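Going by my numbering, the sequence shown runs without a break in its numbering and finishes at 177. Idealized CB from N, CA, C, for every residue including glycine. Only a predicted model underlies this, so the values are computations on that prediction, with no experimental measurement involved.
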Amino acid sequence: MHFWDHLKTVRRHRALVRKHCFRLGLYWQGLTHDLSKYSPVEFWAGVKYFQGDHSPNDQQRKVEGYSASWLHHKGRNRHHFEYWTDYQKDGICGVEMPKKYVAEMFCDRLAASKVYKGADFDPADPYRFFERGKGRQLLLHPATEALLESILIKLRDEGEDAAFDYVRREVLGKP
């Protein structure tokens, strides 16, 4: 069991997301980001399946065939595109995400990459993660996908300051 390791990882991730969200003026989102990770279904799965370099949900999915933790998490956190799904005439489809949640998703992916990569973090890491999922993220609305990709490319090519400036000014329309 990795109680302390998982708790430390969650706290470090939330602290980084909070810092990033505050940088964008998203104070409430920064304060409330991923609070569901402290719920029993998510926290104890994280302790049991702790890996240290990627989400415990992946391991829970391998062992149990699904991740109860992830099903709980994505239904309560609007910064995940899977939250934004609904029935359409063709079945379940992605709904375009409000920009403030796309901005939080950027902060989440950046923080996750920093936590999991540690000293080996590279600003291209969040984009590489995005690229690996491309084509498999069937429920990601095309406009949301294009916006997230533009932010991650800005981060990869121009660095954090440019990416945060772009999100603040161009995505959120803040000075």
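Check                                                                                                                                                         : Outcome
Hey, how far is the Cα of Pro-58 from the Cα of Leu-33?                                                                                                       : 23 Å
Checking the sheet assignment: what are the DSSP bridge partners for Thr-11?                                                                                  : Answer is none; Thr-11 lacks a bridge partner.
Would you mind giving the Cβ-Cβ distance between Glu-162 and Pro-125, rounded to the nearest angstrom? I have them listed as a contact below 8 Å.             : 7 Å
Figure out for me which residue from Asp-167, Arg-78, Ile-94, Trp-6 has the closest Cα to the Cα of Leu-140.                                                  : Ile-94
What residue does the beta strand (DSSP E) around Asp-88 start on, and which one ends it?                                                                     : 87–90
Any contact between the region 99–112 and the region 22–31? By contact I mean 3 or more CB pairs, one from each, below 8 Å.                                   : yes
Measuring straight from C-alpha to C-alpha, what distance separates Tyr-54 and Lys-39?                                                                        : Strictly speaking, residue 54 in this sequence is Gly, with Tyr absent from that position. Approximately 15 Å, taken between the alpha carbons.
Nearest to Arg-138 by alpha carbon, out of Asp-88, Glu-84, Asp-92?                                                                                            : Glu-84
Using DSSP with H/G/I as helix, E/B as strand and the rest coil, what is Gly-93?                                                                              : strand
Have a look at Gly-175, Lys-136, Lys-119 and flag the residue whose alpha-carbon is nearest the alpha-carbon of His-56.                                       : Lys-119
Contact defined as beta carbons within less than 8 Å: I believe His-143 pairs with Trp-86. What is the distance between those atoms, to the nearest angstrom? : 7 Å
Mind checking Tyr-89: buried by the 16 CB within 10 Å criterion, or exposed?                                                                                  : exposed
Between which two residues does the alpha helix (DSSP H) containing Tyr-51 stretch?                                                                           : It is not in any alpha helix (DSSP H) - Tyr-51 carries neither H nor E in the DSSP assignment.
At a cut-off of 6 Å, would you count Leu-112 as near the ligand NAP, judging by its Cβ distance to the nearest heavy atom?                                    : In terms of ligand content, the structure shown is empty, and the ligand NAP therefore cannot be addressed.
How about Phe-52 and His-8: are their beta carbons less than 7 Å apart?                                                                                       : yes
Please identify the residue among Trp-6, Asp-36, Met-3 whose C-alpha is closest to the C-alpha of Asp-110.                                                    : Asp-36
Can you give the Cα-Cα distance for Leu-174 and Ile-153, rounded to whole angstroms?                                                                          : 12 Å
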